[in-house]
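Trainee: Quick one: structure below, then a few questions.
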Amino acid sequence: KRFAKQGEMWKHTNLTWSMSSRLIPSQLNLHETRHVLARALDVWEQASRLTFTEVNSDEADIVVSFARRNHGDAYPFDGRGSILAHAFFPGSGRGGDAHFDDDELWLLQPKNDDEEGTSLFAVAAHEFGHSLGLSHSSVKGALMFPWYQGIQPNFVLPEDDRHGIQDMYGPKVKKKWADNPNYRPIQTPPTTTTTTTTTTTTRRPYIHYHDRHHTNHRHDYNPRNPEKPNYYPTPPTYYPIPPHHPRPTPETTTRSVTNRPARYPNVGHEYPSHPRPNYPNHNVPKAKPSPTVRPTPSSDIPDTCNTSYDAVALIRGELFIFKNRYHWRIGSQGRYPQYPIEISRMWSGLPKDLTHVDAVYERPDKKIAFFVGRKLYLFDSQYLVRGYPKPLTHLGLPESLEKIDAAMVWGHNDKTYFYSGTMYWKFDEEEGRVELDYPRDMSMWKGVGYNIDSVFQWRDGKTYFFKGKGFWKFNDLHMRVEHERQLPSATFWMKC
Amino acid sequence: APARTRTARNTKHNINEKTVKNYLETFGYLEKGQLEVGNLLMGDMAQSYEDDFRIAIKTLQQFGGIPVTGEIDAATKQLMRQRRCGRPDRELHEGGRH
Numbered sequence: 002k003r004f005a006k007q008g009e010m011w012k013h014t015n016l017t018w019s020m021s022s023r024l025i026p027s028q029l030n031l032h033e034t035r036h037v038l039a040r041a042l043d044v045w046e047q048a049s050r051l052t053f054t055e056v057n058s059d060e061a062d063i064v065v066s067f068a069r070r071n072h073g074d075a076y077p078f079d080g081r082g083s084i085l086a087h088a089f090f091p092g093s094g095r096g097g098d099a100h101f102d103d104d105e106l107w108l109l110q111p112k113n114d115d116e117e118g119t120s121l122f123a124v125a126a127h128e129f130g131h132s133l134g135l136s137h138s139s140v141k142g143a144l145m146f147p148w149y150q151g152i153q154p155n156f157v158l159p160e161d162d163r164h165g166i167q168d169m170y171g172p173k174v175k176k177k178w179a180d181n182p183n184y185r186p187i188q189t190p191p192t193t194t195t196t197t198t199t200t201t202t203t204r205r206p207y208i209h210y211h212d213r214h215h216t217n218h219r220h221d222y223n224p225r226n227p228e229k230p231n232y233y234p235t236p237p238t239y240y241p242i243p244p245h246h247p248r249p250t251p252e253t254t255t256r257s258v259t260n261r262p263a264r265y266p267n268v269g270h271e272y273p274s275h276p277r278p279n280y281p282n283h284n285v286p287k288a289k290p291s292p293t294v295r296p297t298p299s300s301d302i303p304d305t306c307n308t309s310y311d312a313v314a315l316i317r318g319e320l321f322i323f324k325n326r327y328h329w330r331i332g333s334q335g336r337y338p339q340y341p342i343e344i345s346r347m348w349s350g351l352p353k354d355l356t357h358v359d360a361v362y363e364r365p366d367k368k369i370a371f372f373v374g375r376k377l378y379l380f381d382s383q384y385l386v387r388g389y390p391k392p393l394t395h396l397g398l399p400e401s402l403e404k405i406d407a408a409m410v411w412g413h414n415d416k417t418y419f420y421s422g423t424m425y426w427k428f429d430e431e432e433g434r435v436e437l438d439y440p441r442d443m444s445m446w447k448g449v450g451y452n453i454d455s456v457f458q459w460r461d462g463k464t465y466f467f468k469g470k471g472f473w474k475f476n477d478l479h480m481r482v483e484h485e486r487q488l489p490s491a492t493f494w495m496k497c
Numbered sequence: 048a049p050a051r052t053r054t055a056r057n058t059k060h061n062i063n064e065k066t067v068k069n070y071l072e073t074f075g076y077l078e079k080g081q082l083e084v085g086n087l088l089m090g091d092m093a094q095s096y097e098d099d100f101r102i103a104i105k106t107l108q109q110f111g112g113i114p115v116t117g118e119i120d121a122a123t124k125q126l127m128r129q130r131r132c133g134r135p136d137r138e139l140h141e142g143g144r145h
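Chains as they are written, first to last, in my numbering: chain B, 2 to 497; chain R, 48 to 145.
Structure, rendered in structure tokens:
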């Protein structure tokens with residue numbers, strides 16, 4: 002055992018942290034800095050019972066600040082010298098706090114060999130070890146070794162450090178369904194017939210975390226007055242079937258099959274007469290009456306309850322899900338019947354031989370961007386904007402890029418992000434070009450992996466990543482998925 | 048004259064020693080202020096200070112994973128120039144709490 006415990010430790014394990022309201026980094030993007038710090042804390046969270054929650058208060062357990070030279074404690078910094086940072090052991094007041102030398106050249110991304118600078122992630126992970134009660138270790142390679150050693154991109158907490166933190170706070174407990182406060186095991190109805198009258202066993206299905214705080218009304222974005230959402234009587238709150246639930250027996254599924262149209266209605270068919278919610282001044286693009294030509298029903302019509310998605314986007318407050326040549330539309334009353342319909346019926350400016358779209362998002366200026374292969378099609382409502390389509394290079398994306406997998410305006414910072422393969426870009430809507438120090442590795446978006454299908458920000462302000470037939474809800478603060486395992490898209494988004 | 052020469056010699060030696068002394072004190076290898084006392088010491092006391100200083104150097108070298116010589120050699124100077132955490136390696140300042 003070479004690690005060193007200092008003595009003090011936190012009496013609670015659900016620790017809070019914050020950026021100092023006064024001493025913030027002068028050379029760094031504050032938002033990206035917070036993500037790096039959250040990832041550095043996550044190093045310790047993954048190895049122990051500790052959890053870290055960012056708060057907006059200088060009363061947090063761990064307050065992080067960037068300062069220069071003498072900054073009010075006994076450990077003055079030395080300019081761009083050998084001392085990089087220090088932190089205080091657990092305790093009240095400044096206990097737990099971490100101070101970084103603002104004169105240093107901090108790097109927020111893994112650096113190239115010839116690049117000067119110091120990895121903020123590496124130093125922060127070390128300093129937070131002190132904030133938790135660990136002293137320096139003389140084991141070379143240990144995170145708590147006093148001298149800066151840089152850090153590997155696929156960093157894993159070294160054994161000496163892991164032993165140290167687990168010696169103090171215990172190992173991480175694998176979360177079980179039963180630990181989830183909202184978890185309600187399904188009561189399977191008794192199989193034996195009973196002669197006496199019995200109260201029917203009310204199944205208390207698992208309340209989806211998404212609905213955990215549902216008021217007894219469902220409210221939706223009200224474009225006329227965003228402050229005053231539309232209230233509708235709550236349809237039965239949606240309960241997905243947790244993965245372990247026994248598959249419904251065949252007879253219980255015939256009903257849902259008959260509910261679906263026997264076959265895709267003729268496109269010459271009058272526009273569906275279903276009662277549309279009235280959007281008085283809502284320039285929701287109207288589907289154009291379809292051409293009189295009756296296309297033969299096509300084999301690429303996706304199965305609503307059993308498909309992946311090419312793109313998902315919130316457009317004018319309604320959810321549009323794209324697959325092959327078709328799309329579904331989900332408004333405040335749920336999924337529009339008679340869908341999916343061809344994408345080209347809504348946006349006729351797309352290529353006639355369209356087979357699918359790669360990514361879609363509604364820009365801050367309310368124009369709708371479609372990425373198809375190497376081209377961007379920009380629509381003002383359902384009209385193609387003059388001069389489009391344009392090549393991806395017009396946005397500053399590399400010539401070699403074949404396609405965009407996903408695009409979104411991230412609710413966390415209102416910035417636009419494009420994703421493709423293992424990389425992602427931040428796009429400057431004013432400049433109309435991707436920012437210079439991109440692309441970056443997708444691993445920043447912890448838990449979603451590479452080659453995603455789509456991403457968007459739902460009305461609840463949360464970010465959802467889609468891949469295959471499932472999705473993850475993303476924790477913007479921790480920069481990681483809320484739950485390791487995907488949830489099935491069909492049950493949650495298509496209400497199958 | 049001897050004092051001046053000694054001081055001159057010490058000044059050169061002290062610059063190395065002074066830098067090293069600051070480093071050793073900053074990172075917990077020497078009690079703060081020990082060197083000032085050390086300079087005023089004569090005879091055995093000076094010798095024991097020398098021992099403390101050597102021991103502190105050796106401890107630093109051992110902690111830093113470099114050859115333990117007790118001398119301020121190139122490896123030690125290199126170690127002292129490396130970027131590092133500002134926290135002491137040994138908590139002497141705080142009453143030696145462990």
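Heads up, the beta-carbon is just placed ideally off N, CA and C, and yes, glycines get one too.
In this text the structure is predicted, and so the values were computed from the model without any measurement.
1. Against residue 127 of chain B, what residues of chain R qualify as contacts under a CB-to-CB distance less than 8 Å, listed in chain order?
2. Given that a residue counts as buried once 16 or more other Cβ atoms are within 10 Å of its Cβ, and exposed if not, what is residue 32 of chain B?
3. If you measure from the beta carbon of residue 117 of chain R to each beta carbon in chain B, is any gap under 9 Å?
4. Can you list, in chain order, the residues of its chain whose CB lies under 6 Å from that of residue 251 of chain B, leaving out five sequence neighbours each side?
5. Which whole-angstrom value describes the C-beta separation of residue 137 of chain B and residue 134 of chain R, a residue pair presumed to lie in contact below a C-beta threshold of 8 Å?
6. Distance cutoff 9 Å, beta carbons only. Does residue 102 of chain B sit that close to anything in chain R?
7. Please name the residue or residues paired with residue 22 of chain B in a DSSP beta bridge.
8. Could you tell me which residues DSSP puts in a beta bridge with residue 458 of chain B?
9. Using three-state DSSP, classify residue 494 of chain B as helix, strand or coil.
10. Report the three-state DSSP secondary structure of residue 45 of chain B (helix, strand or coil).
11. Note down, one range per segment and in chain order, each beta strand (DSSP E) of at least 3 residues found wholly within the region 76-115 of chain B.
12. Does the beta carbon of residue 136 of chain R sit closer than 9 Å to a beta carbon anywhere in chain B?
13. DSSP beta-bridge partners for residue 127 of chain B?
14. Counting Cβ pairs, one atom from each stretch, are 3 or more of them under 8 Å apart for the region 99-108 of chain R and the region 487-494 of chain B?
15. Do residue 173 of chain B and residue 49 of chain B have their CB atoms nearer than 9 Å?
16. Quick one: which chain C residues come within Cβ less than 9 Å of residue 111 of chain B?
17. Beta-carbon within less than 6 Å of residue 368 of chain B's beta-carbon, same chain only, minus the 5 sequence neighbours each way: which residues are those?
18. With respect to the alpha helix (DSSP H) encompassing residue 166 of chain B, which residues constitute its N-terminal and C-terminal limits?
19. Between which two residues does the alpha helix (DSSP H) holding residue 347 of chain B run?
20. Flag residue 71 of chain R as yes if its beta-carbon sits less than 9 Å from any beta-carbon of chain B, otherwise no.
21. Quick check on residue 468 of chain B: buried or exposed, where buried means 16 or more other Cβ atoms within 10 Å of its Cβ?
22. Determine the chain B residues that contact residue 129 of chain R at a beta-carbon separation under 8 Å, and present them in chain order.
23. Pull up the distance between the alpha-carbon of residue 117 of chain R and that of residue 10 of chain B, whole angstroms please.
24. Report the rounded CA-to-CA distance for residue 104 of chain R versus residue 71 of chain B, giving the unit in angstroms.
25. Within the chosen definition, does the region 79-91 of chain B reach the region 120-138 of chain B through at least 3 CB pairs nearer than 8 Å?
26. Within the region 331-413 of chain B, note down every full alpha helix (DSSP H) run reaching 4 residues or more, in order along the chain.
27. CB-CB under 8 Å to residue 459 of chain B, same chain, minus the five flanking residues each way: which ones, in chain order?
28. Could one say the Cβ of residue 110 of chain R lies closer than 9 Å to chain B's Cβ atoms, at least one of them?
29. Spell out whether any CB of chain B is found under 9 Å from the CB atom of residue 77 of chain R.
Mentor: Reading it off the structure:
1. Those are 132, listed as they occur along chain R.
2. The residue is exposed, with fewer than 16 neighbouring Cβ atoms inside 10 Å.
3. So, not an interface residue.
4. Residue placement at residue 251 of chain B is flagged as unreliable, the pLDDT there being 45, under the threshold of 50; the coordinate-derived value follows with that caveat. Cβ neighbours of residue 251 of chain B within its own chain (closer than 6 Å, five residues either side excluded): none.
5. For a cut-off of 8 Å, the C-beta gap from residue 137 of chain B to residue 134 of chain R is around 7 Å, short enough to register as a contact.
6. Taking Cβ atoms only, chain R reaches closer than 9 Å to residue 102 of chain B, which makes this a yes.
7. Residue 22 of chain B is not bridged to any residue.
8. Residue pairing from DSSP places residue 458 of chain B in a beta bridge opposite B/464.
9. Look at residue 494 of chain B here: in three-state DSSP terms it is helix.
10. Helix, per DSSP.
11. Entirely contained in the region 76-115 of chain B, the beta strand (DSSP E) runs reaching 3 residues are, in chain order, 84-88 and 99-102.
12. At least one CB of chain B lies nearer than 9 Å to the CB of residue 136 of chain R.
13. According to DSSP, residue pairing for residue 127 of chain B in a beta bridge does not occur.
14. The region 99-108 of chain R vs the region 487-494 of chain B: no contact.
15. It is a contact, given that the beta carbons lie within the stated cut-off.
16. In the structure shown, chain C cannot be found, because the protein chains are B and R.
17. The beta carbon of residue 368 of chain B lies closer than 6 Å to those of 379 and 381 in the same chain, with the five residues before and after it left out.
18. Secondary structure note for residue 166 of chain B: its alpha helix (DSSP H) is the uninterrupted segment 160-170.
19. For residue 347 of chain B, the enclosing alpha helix (DSSP H) has its first and last residue at 344-347.
20. No, residue 71 of chain R lies away from the interface with chain B (no Cβ there is under 9 Å from its Cβ).
21. With 16 or more neighbouring CB atoms inside 10 Å of its own CB, residue 468 of chain B falls in the buried class.
22. Neighbours of residue 129 of chain R on chain B, chain order: 83, 148 and 149.
23. Residue 117 of chain R and residue 10 of chain B: Cα-Cα distance of roughly 35 Å.
24. Rounded to the nearest angstrom, the gap between the Cα atoms of residue 104 of chain R and residue 71 of chain B is 27 Å.
25. The answer is yes - the region 120-138 of chain B touches the region 79-91 of chain B, with three or more Cβ pairs under 8 Å.
26. Correct list: 344-347.
27. Only 315, 320 and 465 meet the Cβ criterion.
28. Residue contact with chain B for residue 110 of chain R: present (Cβ-Cβ distance below 9 Å to some residue of chain B).
29. At a cut-off of 9 Å between beta carbons, residue 77 of chain R makes no contact with chain B.
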